[in-house]
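Undergrad: Just add 462 to the spot in the sequence shown (first one is 1) and you have my numbering.
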Amino acid sequence: MSPFLISIAAFVGVAALVGGIVLFVRGRSENTIENRLDVFTGHAMPGAAKESLLEDSVLARPLDDVPNVIEAVMARFGAASQFFEQADSNLTAGKFAAISGMLFCVGAAGGTLTGFGPIAALVVGGMVGVGPLFWLMWKRKRRLKKFAVQLPDALELISRALRAGHSLASGFNLVREEMPAPVGIEFGRVFEEQNLGIPMEEALDQMTVRVPNLDLRFFATAVILQRQTGGDLAEILDKIGHLIRERFKIWGQVQALTGEGRLSGIVLLALPPALFLAVYRLNPDYVMLLFNDPMGKQMLAGAVVLQILGALVIRKIINIKV
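#1: What first and last residue would you give for the alpha helix (DSSP H) that runs through P644?
#2: Under 9 Å between the Cβ atoms of V761 and L774?
#3: When the Cα atoms are used, what is the spatial distance from E663 to I686?
#4: Give the single residue among E648, G563, G593 and P661 whose Cα lies nearest to the Cα of V671.
#5: So, does the region 568–581 touch the region 601–612, judging by three or more C-beta pairs under 8 Å?
#6: Considering only the beta carbon of each residue, do G772 and L731 sit closer than 9 Å?
#7: How many angstroms separate the CA atom of G646 from the CA atom of L636?
#8: In terms of alpha-carbon separation, which member of V585, L705 and R651 lies closest to D677?
#9: Could you tell me the alpha carbon to alpha carbon distance between L699 and R605, rounded to whole angstroms?
#10: Which runs of the alpha helix (DSSP H) fall wholly inside the region 554–617 and span at least 4 residues, in chain order?
#11: Taking 9 Å as the cut-off, decide whether the C-beta atoms of F680 and I702 are in contact.
#12: Between which residues of its own chain and M564 is the CB-CB distance below 8 Å, once the five residues before and five after are set aside?
#13: How would you call L719, buried or exposed, if buried means at least 16 neighbouring beta carbons within 10 angstroms?
#14: Below 8 Å on the Cβ atoms is my guess for R551 versus K601; work out the distance and round it to an integer in Å.
#15: Let me know the secondary structure DSSP gives P674 once reduced to three states.
#16: Once DSSP output is grouped into helix, strand and coil, what is the label at P746?
#17: Between the region 624–635 and the region 653–669, can you find at least three pairs of beta-carbon atoms closer than 8 Å?
#18: Answer yes or no: do M641 and D667 have a C-beta to C-beta separation smaller than 9 Å?
#19: If you run the structure through DSSP and keep just helix, strand and coil, what is L658?
#20: Please state whether the Cβ-Cβ distance between L695 and L630 is less than 9 Å.
#21: For the putative contact between G587 and F558, defined by C-beta atoms under 8 Å, what is the C-beta separation to the nearest angstrom?
#22: Are the CB atoms of I776 and G721 nearer to each other than 9 Å?
#23: Comparing C-alpha positions only, which one of I561, I581 and P580 sits nearest to G591?
#24: Can you grab the Cα-Cα spacing for the pair Q548 / A665, in whole Å?
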């Protein structure tokens, strides 16, 4: 079979898989909307509706509830639109799948035209096709990191607004007007939602879903508890802001202490490719044995696997959570 036909068949299979996932997610979201409409129109049982809302509430989940790798991957596939929203991207699941599929076909076709075998061409296509996913993950990580840095200032601003006699909603509006994105956009969205009639508890819960940040969940829990039981919310917000700043201070110290390990990891990971390029420049025939000889191909594959394992081990050592 022609390598080009193999590439087309692989693209069709991936597109069908992504389309099935999108249809499944859309069906679940439509069922959720229908259940909410039944609650508002009175067709659903009040007790069942209350239990359903309680299960999804931020108070019903542990604050340090962190999903494992498998749960995180499944959650991302099950809520693709939420992942795009966290990355502040206007792409939809369909557009994203189309872009990834086109890049996969381009990479596979380019690998075929340059003389690679069918399997190698598919590998090249896969590496090119996952490029948008890595870009989206990088954009999401950068946005969440920026939100975490801005959160202490937002909490202190709300605390000062409460001490000045403003309401909590006015504090959210003040954050929207005075602070840049993304924290200003997220708090402003909560303000607009509660203005449109959505309860403050539900608006805060939705914000913790859009921004998976542990400190933000502390803030949402404190606000919900204060509205239910009372208390000095301004003092609580000051303590949360101080805690966040102290955590950033400790994180900076950890980054300074692990700087040598990170630099060593970069050098060790960059040394084999740099040495390969240097030897290829000096004596190409000596290096091409890795590609022409069967034993050389096995050694090259083993080297790539060991490089990946070494990168994961180094990352595990220097990645200290604070």
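Each residue gets a CB set at the ideal place from its N, CA and C atoms; glycine is no exception.
Predicted model, so just to flag it, every value in this text is computed and none were measured.
TA: Concretely, from the data shown:
#1: P644 -> no alpha helix (DSSP H), and no H or E assigned at all.
#2: Correcting the residue type first, residue 761 is Met in the shown sequence and not Val. No Cβ-Cβ contact shorter than 9 Å links M761 with L774.
#3: If you take the alpha carbons of E663 and I686, they lie about 6 Å apart.
#4: It is E648 whose Cα lies nearest to the Cα of V671.
#5: The region 568–581, when compared against the region 601–612, does not touch it at the 8 Å Cβ threshold.
#6: Against a cut-off of 9 Å, the Cβ pair of L731 and G772 comes out as a contact.
#7: Using only the alpha carbons, I get a separation of about 9 Å.
#8: The option with the nearest alpha carbon to D677 is L705.
#9: Rounded to whole angstroms, L699 to R605 spans 23 Å at the Cα level.
#10: Correct list: 555–575 and 580–591.
#11: Going by C-beta atoms, F680 is nearer than 9 Å to I702.
#12: Within its own chain, no residue has a Cβ closer than 8 Å to the Cβ of M564 once the five positions on either side in sequence are excluded.
#13: Looking at its Cβ environment, which holds fewer than 16 other Cβ atoms inside 10 Å, L719 is exposed.
#14: Sequence check: residue 551 is Ser here, not Arg. In this structure S551 touches K601 by the C-beta definition: roughly 7 Å separates them, less than 8 Å.
#15: Coil.
#16: In this structure, P746 counts as helix in the three-state DSSP scheme.
#17: Yes: the two stretches touch, three or more of their Cβ pairs being nearer than 8 Å.
#18: It is not a contact, given that the beta carbons lie outside the stated cut-off.
#19: Coil, per DSSP.
#20: Closer than 9 Å, so yes.
#21: Not a contact, Cβ separation roughly 17 Å.
#22: No, the Cβ-Cβ distance between I776 and G721 is not below 9 Å.
#23: Comparing C-alpha distances from G591 to each of I561, I581 and P580 shows the shortest one belongs to I561.
#24: A direct Cα-Cα distance of roughly 16 Å separates Q548 from A665.
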